[in-house]
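Residue numbers (my numbering): 806 to 963.
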């Protein structure tokens, strides 16, 4: 258990240990300007305040929600701005998440169709999944093909 005294005297290693992150992660956030690096005393080590702990927890939670570091930096810079600006960023992110979900649903459909073809495949020398990844010109009679879709997912084309 961490005592009150150690929280006031939290060095970078204690900070990283408390948050379950690497020391280099703390330094990275400092270089990016996402957290402030405390002043170095004449003797001893820098000590990180509770505000830094809270800010890093905010960063990590935002990453878990799918925000990029650039987006998180933008959110952090909006702390003292109207909620409408934060809302605009969140709405943009929600649109991107919905687009990814639609891509994943199309990928799920494509993979389900290919798996059904595999289950009913009587010719063990050909696999519908492998065949679907071949260039279209080599398999003119194929029923379905997987093709890249917006860089991250795949979709069926007849």
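For glycine and all other residues, C-beta sits at the position ideal for the given N, C-alpha and C.
Are residue i and residue j touching if we call contact CB-CB under 8 Å?
| i | j | result |
| --- | --- | --- |
| residue 878 | residue 832 | no |
| residue 934 | residue 919 | yes |
| residue 894 | residue 881 | no |
| residue 899 | residue 853 | no |
| residue 818 | residue 828 | yes |
| residue 861 | residue 886 | no |
| residue 883 | residue 890 | yes |
| residue 858 | residue 896 | no |
Within 10 Å of its beta-carbon, does residue i have 16 or more other beta-carbons around it, so buried, or fewer, so exposed?
| i | result |
| --- | --- |
| residue 940 | exposed |
| residue 937 | buried |
| residue 915 | buried |
| residue 866 | exposed |
| residue 815 | buried |
| residue 810 | Note on residue 810: pLDDT 40, under 50, position unreliable in the model; no value is reported. |
| residue 952 | At residue 952 the pLDDT is 48, less than 50, meaning the model places this residue with poor confidence; the figure from the coordinates comes in the next sentence. Burial call: exposed. |
| residue 806 | A caution first: residue 806 carries a pLDDT of 46, below 50, which makes its placement in the model too unreliable to give a value. |
Kindly indicate the opening and closing residues of the alpha helix (DSSP H) around residue i.
| i | result |
| --- | --- |
| residue 816 | Run containing residue 816: none; DSSP gives neither H nor E here. |
| residue 834 | 828-836 |
| residue 933 | 933-938 |
Exercise. Which residue spans inside the stretch 865-894 form an unbroken alpha helix (DSSP H) run of at least 4?
Worked result: Runs of the alpha helix (DSSP H) inside the stretch 865-894: 874-882.
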